[in-house]
Structures are given as structure tokens and as C-alpha cells.
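Note that the protein sequences, when read in sequence, are chains V and U.
Residue numbers 1 to 251, in the working numbering, belong to the letters of the first sequence in order.
Residue numbers 252 to 502, in the working numbering, belong to the letters of the second sequence in order.
Protein chains: 2
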Amino acid sequence: MKFDAKKETEKIIEFIRNYYKENNLKGAILGISGGKDSGVVAGLMTMALGAENVIGVTMPCHSKADDKCDAKLISDYYGFKLINFDLTNVFDGFKNELKNIGTFDLDTLKNSDINLKPRLRMATVYYLAAMYSAIYGGTYLVAGTGNKCELFVGYFTKGGDQVCDIAPIADLTVEEVIAIGEYIKVPDKVLHKAPSDGLSGMSDEEKLGVTYKDIAKYMEDENGVPKETGDKIKKLHLNSLHKFNVPTYRK
Amino acid sequence: MKFDAKKETEKIIEFIRNYYKENNLKGAILGISGGKDSGVVAGLMTMALGAENVIGVTMPCHSKADDKCDAKLISDYYGFKLINFDLTNVFDGFKNELKNIGTFDLDTLKNSDINLKPRLRMATVYYLAAMYSAIYGGTYLVAGTGNKCELFVGYFTKGGDQVCDIAPIADLTVEEVIAIGEYIKVPDKVLHKAPSDGLSGMSDEEKLGVTYKDIAKYMEDENGVPKETGDKIKKLHLNSLHKFNVPTYRK
Numbered sequence: 001m002k003f004d005a006k007k008e009t010e011k012i013i014e015f016i017r018n019y020y021k022e023n024n025l026k027g028a029i030l031g032i033s034g035g036k037d038s039g040v041v042a043g044l045m046t047m048a049l050g051a052e053n054v055i056g057v058t059m060p061c062h063s064k065a066d067d068k069c070d071a072k073l074i075s076d077y078y079g080f081k082l083i084n085f086d087l088t089n090v091f092d093g094f095k096n097e098l099k100n101i102g103t104f105d106l107d108t109l110k111n112s113d114i115n116l117k118p119r120l121r122m123a124t125v126y127y128l129a130a131m132y133s134a135i136y137g138g139t140y141l142v143a144g145t146g147n148k149c150e151l152f153v154g155y156f157t158k159g160g161d162q163v164c165d166i167a168p169i170a171d172l173t174v175e176e177v178i179a180i181g182e183y184i185k186v187p188d189k190v191l192h193k194a195p196s197d198g199l200s201g202m203s204d205e206e207k208l209g210v211t212y213k214d215i216a217k218y219m220e221d222e223n224g225v226p227k228e229t230g231d232k233i234k235k236l237h238l239n240s241l242h243k244f245n246v247p248t249y250r251k
Numbered sequence: 252m253k254f255d256a257k258k259e260t261e262k263i264i265e266f267i268r269n270y271y272k273e274n275n276l277k278g279a280i281l282g283i284s285g286g287k288d289s290g291v292v293a294g295l296m297t298m299a300l301g302a303e304n305v306i307g308v309t310m311p312c313h314s315k316a317d318d319k320c321d322a323k324l325i326s327d328y329y330g331f332k333l334i335n336f337d338l339t340n341v342f343d344g345f346k347n348e349l350k351n352i353g354t355f356d357l358d359t360l361k362n363s364d365i366n367l368k369p370r371l372r373m374a375t376v377y378y379l380a381a382m383y384s385a386i387y388g389g390t391y392l393v394a395g396t397g398n399k400c401e402l403f404v405g406y407f408t409k410g411g412d413q414v415c416d417i418a419p420i421a422d423l424t425v426e427e428v429i430a431i432g433e434y435i436k437v438p439d440k441v442l443h444k445a446p447s448d449g450l451s452g453m454s455d456e457e458k459l460g461v462t463y464k465d466i467a468k469y470m471e472d473e474n475g476v477p478k479e480t481g482d483k484i485k486k487l488h489l490n491s492l493h494k495f496n497v498p499t500y501r502k
């Protein structure tokens with residue numbers, strides 16, 4: 001069945017509004033990476049709640065200024081407030097403290113460093129959410145930007161971008177996110193950028209070794225992709241399950 | 252049925268060992284607050300994996316030296332490595348960065364500040380887990396210290412102490428955790444301290460407005476506690492459900 005971007009957009013907006021109404025909530029805050037997922041979620045939250053109730057946050061951390069410009073394209077288009085919280089000094093302060101434990105080479109710290117950034121971003125967005133909730137006298141939720149393809153293969157940081165209070169696009173494939181982005185007019189430059197974590201210097205698809213298109217096909221029909229590709233996707237999926245369900249001892 | 256601390260301890264150790272064996276894992280790392288939950292989990296992980304495969308981390312953050320001493324009591328008794336990662340400067344660096352957004356009074360930042368600490372601790376423990384995994388050439392998991400009573404009423408920080416890779420005591424009430432602590436000889440001073448988050452200056456039970464004993468009773472039988480107490484517990488429970496299941500739009 002063809003994906004109906006207009007209808008889904010309306011349903012998502014209704015979902016957000018209902019949840020806010022039922023729980024007596026006020027606003028939304030989200031990290032704006034300058035990529036399409038945060039662009040689309042920012043657009044949807046603004047359409048649902050009004051620009052005056054949405055706050056976007058750019059959180060550069062030793063990163064290129066480009067992404068900040070793209071974030072501004074999004075906030076200018078939708079009209080919500082954009083604030084900048086530079087995490088470079090916090091990150092460096094953390095690394096500095098590490099020296100008290102020992103000296104470690106770059107390779108040893110590669111995975112640690114890559115995942116520290118989204119975790120600091122999560123801590124920052126939640127910090128600001130509670131702060132603006134106090135300032136404006138109503139609860140601000142952290143809007144999540146994970147899409148169905150990323151979530152299926154576990155392409156996110158546990159305790160980082162995974163953590164959110166509402167997930168508007170978690171059931172949409174990358175192509176569906178783009179279709180909605182086109183419908184709600186997320187700026188072209190943002191919508192058609194190759195998705196990248198901005199951390200590792202590689203695109204998402206290079207890192208994963210599979211395309212989002214193939215992930216979407218596989219989710220629909222395991223035999224819809226070549227066997228080797230399917231095996232790769234299945235392995236990524238199985239290896240990521242612990243990110244959703246913590247193994248727990250039961251009496 | 253009486254809780255059999257010896258039998259449950261053996262079953263938990265078996266559960267941990269099986270999970271490590273099945274997934275070809277190496278070690279465990281955990282934050283040691285100096286309270287009974289981290290004391291008991293540290294003891295269980297050590298008994299399951301051997302002291303050489305367990306690392307405890309103290310993460311003071313503008314906090315009293317007492318807790319660090321209690322952490323040392325635990326690591327001395329079980330013989331695992333204890334490292335200290337002081338988060339005071341990282342926390343202050345974060346607060347310093349906030350000045351670029353504005354000046355906010357203490358009251359506005361109260362909730363933000365209280366929850367920032369466990370989120371920084373989570374980021375730190377995960378940083379070190381990946382680092383030691385690289386150093387020792389095998390995966391270190393972050394062991395969670397949440398117990399059943401805390402989890403039931405949502406007494407933890409979303410994206411903070413909630414985040415873990417294995418949960419050995421998540422199905423045990425506070426009394427059962429203490430019974431296991433007595434059996435595995437967690438130092439008395441640690442085991443019988445009034446549980447406190449070390450953040451707010453109040454004990455857990457003062458903050459919650461209900462006792463852990465009553466929470467345990469309520470979980471067994473909703474009518475096992477006075478109605479007013481039950482209503483309070485029920486409300487806490489319902490208000491915390493979003494911490495486990497993020498509201499997600501489904502097509």
C-alpha cells in the first residue's frame with residue numbers, strides 16, 4: 001500500500017496533541033542535529049503544539065559549523081526557538097578528568113569517545129527540558145528522533161539518543177520520514193543530506209554496511225533482499241536487542 | 252513463601268554466568284554509591300565472574316567523602332578494583348556553559364541539577380565499560396543496581412541509573428536485597444544504611460512519602476496497605492510508566 005504522507009502527518013499530529021492533552025503537558029524540546037530526522041520531528045512537534053511551545057537545541061562538540069547552519073534553516077522555517085549549548089568544553093573536561101585514571105591511546109578510547117557525545121547530548125536536553133518546564137510552568141517532553149530503520153538495527157547510542165519521552169517517527173522507515181519531510185516542507189538541504197552521526201566521519205550506511213532501503217525491505221519481507229544482506233541485517237538486529245530489553249534475573 | 256537467600260543467591264550467580272557464557276562476555280563495571288544495592292550487586296557480580304573481572308567506580312560530584320569510604324569497604328571485602336572518577340569539574344563545566352544561555356535561579360534548576368548527576372554517572376560508567384572492553388579484549392557490561400521496589404515506583408533517573416546491560420536484583424524487593432546482602436556478607440555499615448540518593452539530602456523514603464516495606468506489601472497485595480498509602484504508591488507507579496514505555500506513534 002502506498003504511503004500517504006498527508007494522512008500520516010495528520011495522524012501523527014493528532015497523536016501528539018492527544019498525548020499532550022491527556023497528560024496535561026506543555027512543550028517539547030529536542031536536539032537538532034541538522035539532519036532529516038530531527039528536521040521532520042521538529043516540524044511535526046511545531047505543527048502539533050505551536051512554534052511557541054517547541055525548543056530546538058544545537059549541541060556542537062568539536063564539530064563542524066555546517067550542522068549548526070542547517071539547524072538554523074529548520075528553526076527559521078518553522079519559527080521555533082533555537083538555542084546553542086556547546087559541549088566541547090564539557091567533553092574536554094571529562095577527558096581531562098580521565099587523566100587521573102591513566103593515559104590511554106586513541107584506539108582504546110575510540111568507542112568510548114564516539115558514544116560519550118550522544119550521552120552528553122541526552123543529559124543536556126533533559127537538563128534543559130526540566131529547566132524550561134520550571135520556567136514556563138508546564139512539562140516539556142524530550143522528543144525522540146529515531147526512525148524505524150535505525151531502531152531495527154540498533155543504530156543509536158544506548159543511554160544517548162535512544163532516551164526520549166515521545167517518539168513520533170519510530171514506526172516510519174527512512175523513506176517514509178523523507179516523504180513526510182517533503183510534505184511538511186523540511187528545507188531540501190536538510191532532507192536530502194546523507195545521514196551521518198556526525199561523530200565517526202562516515203555516513204550511517206557506510207558504518208552499518210547496509211542501506212536503509214534494504215533494511216526497510218527486509219523488515220517487510222526477510223527474503224526481499226539478497227541473502228548476504230539479510231544475514232547482515234538480522235545480525236545487527238539480534239545484537240541490538242539488549243538495548244531494548246535488559247537481561248533481568250527473575251525469581 | 253519465605254525468601255531463601257542462599258538459594259536465590261545461587262540462582263542469580265548461575266543466571267549471570269549463563270548470560271556471560273552464552274554471549275561470550277568478559278567483565279562487569281558498576282557505579283558504587285556506597286549503598287546496599289550497589290554493594291549487593293558488586294558482591295554478586297564478583298562471585299559470578301571473579302574479582303579480577305569486576306570494576307567498581309566511585310563518582311563523587313560535590314559529594315561527601317563518606318560514600319567513597321563505604322565504597323572502599325565493599326571493594327576491600329570482595330577484592331575487586333575500585334577506581335575514582337570525580338565528576339565535580341565536569342558538572343561545574345556544564346553549569347558554566349549554561350551561562351551562555353542565561354542566568355537562572357536555584358529553584359528553576361533544582362530538578363535539572365538533581366538529575367544531571369546520575370546522567371553524568373551513566374555516561375561515565377559506559378565510557379569506562381567501552382574503554383576496559385578495549386583494554387582487556389572482551390566486553391564489559393554495565394551492571395544495574397535498581398531493585399524491584401524502586402523500579403515499581405519509578406524512583407530512578409530516566410537515562411541515568413536506569414540504563415544498564417544486566418539487572419541482577421531488579422526482581423528483588425528491598426528486604427530481599429538485604430537478605431541476600433546478609434548472606435553474601437556485604438559489610439554491615441553499607442547494608443543497613445538508610446537508602447538515600449545522595450543528591451537531595453533526604454532519604455529515599457522521605458522523598459517518596461512511602462516506605463519500601465509498604466511498596467513491597469502493595470506489590471504482593473494492593474489491599475495489604477492502608478488505602479491512602481496504596482493510592483500514593485499506585486500514583487507513583489502510574490506516573491512512572493513512561494520511563495519504561497515511550498509513547499510511540501504507530502501507523
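Every residue gets a Cβ at the ideal spot worked out from N, C-alpha and C, and that includes glycine.
It should be emphasised that the depicted structure is a prediction, and the values quoted were computed from it without experimental measurement.
CB contact flag (residue i, residue j, <8 Å)
| i | j | result |
| --- | --- | --- |
| isoleucine 352(U) | isoleucine 83(V) | yes |
| alanine 143(V) | valine 41(V) | yes |
| phenylalanine 266(U) | tyrosine 249(V) | yes |
| threonine 390(U) | lysine 277(U) | yes |
| tyrosine 78(V) | threonine 108(V) | no |
| tyrosine 469(U) | isoleucine 484(U) | yes |
| glycine 181(V) | glycine 39(V) | yes |
| leucine 281(U) | valine 428(U) | no |
| alanine 385(U) | asparagine 111(V) | yes |
| alanine 170(V) | lysine 148(V) | yes |
| isoleucine 263(U) | leucine 295(U) | yes |
| glycine 93(V) | glycine 344(U) | yes |
Rounded distance between the beta-carbons of residue j and residue i, thought under 8 Å
| i | j | result |
| --- | --- | --- |
| threonine 466(U) | valine 404(U) | Note on identity: in this sequence residue 466(U) is isoleucine, with threonine being the wrong assignment. Their Cβ separation, rounded to whole angstroms, is 6 Å, which keeps isoleucine 466(U) and valine 404(U) in contact under 8 Å. |
| cysteine 415(U) | valine 163(V) | Their Cβ separation, rounded to whole angstroms, is 13 Å, which puts cysteine 415(U) and valine 163(V) out of contact at 8 Å. |
| tyrosine 127(V) | leucine 367(U) | 5 Å |
| leucine 120(V) | alanine 374(U) | 6 Å |
| valine 425(U) | valine 90(V) | Not a contact, Cβ separation roughly 35 Å. |
| lysine 158(V) | lysine 235(V) | Wrong, their Cβ atoms sit about 18 Å apart, outside the cutoff. |
| leucine 141(V) | alanine 28(V) | 5 Å |
Residues that DSSP places opposite residue i in a beta bridge
| i | result |
| --- | --- |
| valine 437(U) | BP columns for valine 437(U) are empty, so no partner. |
| leucine 30(V) | Gly56(V) |
| glycine 391(U) | Here residue 391(U) is tyrosine; the residue named in the question, glycine, does not match the sequence. Partner(s): Gly278(U). |
| alanine 418(U) | Thr248(V) |
| isoleucine 334(U) | Val308(U) |
| serine 454(U) | Ser447(U) |
Chain C within 8 Å of residue i, Cβ atoms only
| i | result |
| --- | --- |
| isoleucine 431(U) | Here chain C cannot be found, since the structure's protein chains are V and U. |
Which residues, in chain order, does the stretch 390 to 424 of chain U contribute to contact with chain V at a C-beta distance below 8 Å? Within the stretch 390 to 424 of chain U, contact with chain V at the beta-carbon level (separation under 8 Å) is assigned to Gly395, Lys409, Gly410, Val414, Cys415, Asp416, Ile417, Ala418, Pro419, Ile420, Ala421, Asp422, Leu423.
Segment contact, 8 Å Cβ cut-off, at least three pairs: the stretch 308 to 320 of chain U with the stretch 275 to 293 of chain U: At 8 Å Cβ cutoff, the stretches touch.
Below 8 Å, how does it come out for the stretch 299 to 313 of chain U and the stretch 323 to 337 of chain U: are there three or more Cβ pairs, yes or no? Contact between the stretch 299 to 313 of chain U and the stretch 323 to 337 of chain U is present: 3 or more CB-CB pairs across the two stretches fall below 8 Å.
Which residues, taken in chain order from the stretch 330 to 347 of chain U, show a beta carbon closer than 7 Å to some beta carbon of chain V? For chain V, the residues of the stretch 330 to 347 of chain U that bring a beta carbon within less than 7 Å of one of its beta carbons are Ile334, Phe336, Asp337, Asn340, Val341, Gly344, Phe345, in chain order.
Give me the subset of the stretch 270 to 287 of chain U whose CB atoms are less than 7 Å from a CB atom of chain V, sorted by chain position. So the list reads Tyr270, given in the order they occur along the chain.
The stretch 180 to 199 of chain V / the stretch 262 to 281 of chain U touching (three or more Cβ pairs under 8 Å): Output reads no: the stretch 262 to 281 of chain U does not touch the stretch 180 to 199 of chain V.
Are the stretch 222 to 232 of chain V and the stretch 252 to 266 of chain U in contact at 8 Å, needing three or more beta carbon pairs? Three or more beta-carbon pairs separated by less than 8 Å are not found between the stretch 222 to 232 of chain V and the stretch 252 to 266 of chain U, which leaves the two stretches without contact.
Which residues of the stretch 483 to 502 of chain U have a Cβ closer than 7 Å to any Cβ of chain V? Give them in chain order. Answer set for the stretch 483 to 502 of chain U: His493, Val497, Pro498, Thr499, Tyr500, Arg501, Lys502.
Residues within the stretch 95 to 112 of chain V neighbouring chain U, beta-carbon criterion of under 8 Å: Answer set for the stretch 95 to 112 of chain V: Asn96, Glu97, Leu98, Asn100, Ile101, Phe104, Asp107, Thr108, Leu109, Lys110, Asn111, Ser112.
Residues of the stretch 6 to 18 of chain V with a CB closer than 9 Å to any CB of chain U: list them in chain order, please. Look at the stretch 6 to 18 of chain V: the residues with a C-beta under 9 Å from a C-beta of chain U are Glu8, Lys11, Ile12, Phe15, Ile16.
Scan the stretch 366 to 381 of chain U for residues whose Cβ lies nearer than 7 Å to a Cβ of chain V and list them as they occur along the chain. Only Asn366, Leu367, Arg370, Leu371, Met373, Ala374, Tyr377, Tyr378, Ala381 from the stretch 366 to 381 of chain U bring a Cβ to less than 7 Å from some Cβ of chain V.
Please name the residues in the stretch 466 to 480 of chain U whose beta-carbon is closer than 8 Å to at least one beta-carbon of chain V, in chain order. Here the close residues number zero.
Given a limit of 7 Å on CB to CB distance, which residues of the stretch 56 to 78 of chain V reach chain U? Taking a C-beta cut-off of 7 Å against chain U, none of the residues of the stretch 56 to 78 of chain V qualify.
What residues in the stretch 289 to 302 of chain U have a beta carbon less than 7 Å from any beta carbon of chain V? So the list is empty, because no residue satisfies the distance condition.
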